[in-house]
Amino acid sequence: MPTPHIEAGPDAFAELVLLPGDPLRAQEIAEGFFTDPVRVTAVRNMYGFTGTFAGKPVSVMGSGMGIPSMLIYATELVREYGVQRIVRVGTCGSVSPRLRLGDLFLASGAGTDSSVNRIRFKGYDLGATPSFDLLNRVYQKAVEHELPVQVGPVFSTDLFYAADPEQVSLLEQFGFLGIEMEAAGLYGLAMQEGFEALAVMVATDSLLTHESVSPEMRQSGPRNAIQVALEALLG
Ligand code: HPA
Numbered sequence: 424m425p426t427p428h429i430e431a432g433p434d435a436f437a438e439l440v441l442l443p444g445d446p447l448r449a450q451e452i453a454e455g456f457f458t459d460p461v462r463v464t465a466v467r468n469m470y471g472f473t474g475t476f477a478g479k480p481v482s483v484m485g486s487g488m489g490i491p492s493m494l495i496y497a498t499e500l501v502r503e504y505g506v507q508r509i510v511r512v513g514t515c516g517s518v519s520p521r522l523r524l525g526d527l528f529l530a531s532g533a534g535t536d537s538s539v540n541r542i543r544f545k546g547y548d549l550g551a552t553p554s555f556d557l558l559n560r561v562y563q564k565a566v567e568h569e570l571p572v573q574v575g576p577v578f579s580t581d582l583f584y585a586a587d588p589e590q591v592s593l594l595e596q597f598g599f600l601g602i603e604m605e606a607a608g609l610y611g612l613a614m615q616e617g618f619e620a621l622a623v624m625v626a627t628d629s630l631l632t633h634e635s636v637s638p639e640m641r642q643s644g645p646r647n648a649i650q651v652a653l654e655a656l657l658g
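Quick note: the sequence shown uses this note's numbering, first residue 424, plus one each step.
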């Protein structure tokens, strides 16, 4: 059952996997939130861990940055390890005054400049959308915790350093709230493979005002996102 990129044994992953970009963040999540976490893979230092939360099995694994890296791991988790729910947890840039720094952001749809979904969907435009059930549960839990939360479209770009200086204002005009580099690819894979996906992010930078969150909030924001996601899906 090991794949070219994951060395874990056949039943090493839980049905629910949290997918941060950074493998060290995956380790922090496992050590900070899971009971009895075990590292199940470390190929290329892309760590994956499985433990329990509220008595239920759960995994976390790094994905790297950008759609192509993330899709290698997500595809292998789903096709080879039977993973049924993948929740990307990460940061994003805000492209709208509606998404304030530190806000939790659940992507209800994802546009992209990547061609991956067109390749999958034979040239048609895919309305890349998450699992409503996952989104609804995480949203309700965030409201219960009185955390500031926004729901709306995200733009998943292949170019962190954008080629188009007008991109941010175009995204704002079309009602996008945030920009990051993975959600559209994850949602497209989920639609093709029939698993449930959601991207839960924290806005850490504004591309409108060029402000960033404080170092404390850069730590606490993602922690809140993970706590809410785990409670919503396993609590
Ligand atoms: N662009 C793309 N991805 C990001 C950004 C950004 O500004 N901030 C966090 N992830």
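We put the CB at the ideal spot given by N, CA and C, even for glycine.
Whole-angstrom distance between residue j and residue i, CA atom to CA atom
{"i": "S592", "j": "D628", "result": "15 Å"}
{"i": "V577", "j": "M604", "result": "9 Å"}
{"i": "G598", "j": "E454", "result": "37 Å"}
{"i": "G644", "j": "G575", "result": "18 Å"}
{"i": "L439", "j": "N559", "result": "16 Å"}
Under 9 Å between C-beta atoms of residue i and residue j
{"i": "L441", "j": "V483", "result": "yes"}
{"i": "I509", "j": "L609", "result": "yes"}
{"i": "P571", "j": "L527", "result": "yes"}
{"i": "G516", "j": "V636", "result": "no"}
{"i": "R462", "j": "V623", "result": "no"}
{"i": "A449", "j": "G485", "result": "yes"}
Residues of its chain near residue i, where Cβ-Cβ distance is below 6 Å and the 5 sequence neighbours each way are ignored
{"i": "L557", "result": "E619, L621"}
{"i": "G489", "result": "M604"}
{"i": "K479", "result": "L657"}
Short CB-CB distance (under 9 Å) between residue i and chain D
{"i": "V651", "result": "No chain D appears in the structure shown, which is made up of a single protein chain."}
Own chain residues within Cβ distance below 8 Å of residue i, not counting five before or after
{"i": "H428", "result": "V466, R467, M469, I495, Y496, E499"}
{"i": "N647", "result": "L527, H568, L570, V625"}
Close-in-space but distant-in-sequence residues of the same chain around residue i (CB under 7 Å, 5 per side omitted)
{"i": "I452", "result": "L441, P443, V483, I649"}
Within 7 Å of the ligand HPA: residues by beta-carbon to any heavy atom:
T514, C515, G516, T580, F583, I602, E603, M604, T627, D628, L630
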